[in-house]
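Residues in the sequence shown are numbered consecutively from 1250, following the numbering used here. Working notes, beginning with the structure itself.
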Amino acid sequence: MRPRTSLPILALLATLLLLTLACSSAPRGTGWYRGNNLVMRVTDLQRVDEIRFASGEKHYVIRPQEEGKVLAAVKMEMQNSEGNIAFLSIEEDSVTLRGKDQEDYTAINYLERQVEVQESHPKENAFSPFLWGDVELPGQCGEPLQTCQLVGWLIFEVPEGLDPLLVLWESADTIYIRF
1250 MRPRTSLPIL ALLATLLLLT LACSSAPRGT GWYRGNNLVM RVTDLQRVDE
1300 IRFASGEKHY VIRPQEEGKV LAAVKMEMQN SEGNIAFLSI EEDSVTLRGK
1350 DQEDYTAINY LERQVEVQES HPKENAFSPF LWGDVELPGQ CGEPLQTCQL
1400 VGWLIFEVPE GLDPLLVLWE SADTIYIRF
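This is the structure:
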């Protein structure tokens, strides 16, 4: 009679292969991270060749400006955890995407990088609303037309194979959001 050791070994190898594949894929979200006034997290991260959106009757596209780069669309969710209003100024210098290579990539001002196009696109507005500009974020929820939560997308131009390490938020608070 032959021992049946090959079946458990195959099962172990299959499990290790699945774990390796799961660990090698890019992170898409994080847990909640707290600063002095804000709590926030990344809920999605997607690398794309272009971002299309519409504003009113006009259609726009944003593409990378450098060869070998892609756009990293990062969906953020944030809440004001204090009782006061948090004033956020979301711009190039306030949000950074850092890769595991320790390189920093600043957020793109979509208003400066947008190019008007004539046609709409099936994936138009897949990455909207954009987080940009001056925002007041109340600390109390539930008032009519008042919310203490903000959800939207930031755009970064990054190398194609970027392995993200963290998002550094420096507007009204300093928060390191680790992947």
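The C-beta atom is built at its ideal place from N, Cα and C for all residues, glycine as well.
Residue i versus the options, residue with shortest Cα-Cα distance
| i | options | result |
| --- | --- | --- |
| E1316 | L1417, E1409, T1345, W1402 | E1409 |
| A1356 | P1313, F1302, K1307 | P1313 |
| H1308 | A1321, K1318, E1373, R1290 | E1373 |
| R1296 | A1303, G1280, L1411 | L1411 |
| E1365 | V1319, I1311, L1337, E1326 | I1311 |
| Y1359 | R1347, D1353, G1382, S1338 | G1382 |
| E1326 | R1362, E1299, P1378 | P1378 |
| E1241 | R1277, R1283, I1404 | Since the displayed the chain opens at 1250 and closes at 1428, residue 1241 lies outside it and no answer follows. |
| Q1398 | I1334, K1349, A1375 | I1334 |
| K1324 | R1362, L1294, T1279, Q1363 | L1294 |
| G1278 | N1285, G1284, M1289 | M1289 |
Within 8 Å, strictly: CB atoms of residue i and residue j
| i | j | result |
| --- | --- | --- |
| Q1328 | L1287 | yes |
| G1401 | L1417 | no |
| V1407 | V1319 | yes |
| S1369 | A1321 | no |
Residues that DSSP places opposite residue i in a beta bridge
| i | result |
| --- | --- |
| K1308 | Correcting the residue identity first, residue 1308 is His in this sequence and not Lys. In DSSP, H1308 forms a bridge with A1303, V1366. |
| Q1326 | Here the sequence assigns Glu to residue 1326, which means Gln is not the residue at that position. Beta-bridge pairing links E1326 to R1290, V1400. |
| I1424 | W1418 |
| Q1295 | A1322 |
| R1283 | V1288 |
Euclidean distance between Cα positions of residue i and residue j
| i | j | result |
| --- | --- | --- |
| L1415 | Y1425 | 7 Å |
| P1371 | G1305 | 16 Å |
| I1339 | S1420 | 7 Å |
| R1347 | D1353 | 4 Å |
| I1300 | T1292 | 18 Å |
| W1281 | E1361 | 31 Å |
| S1343 | L1337 | 9 Å |
| R1427 | A1375 | 24 Å |
| T1345 | P1413 | 11 Å |
| P1387 | T1423 | 18 Å |
| N1285 | K1349 | 26 Å |
Any non-hydrogen atom of the ligand FMN closer than 7 Å to residue i Cβ
| i | result |
| --- | --- |
| L1287 | In terms of ligand content, the structure shown is empty, and the ligand FMN therefore cannot be addressed. |
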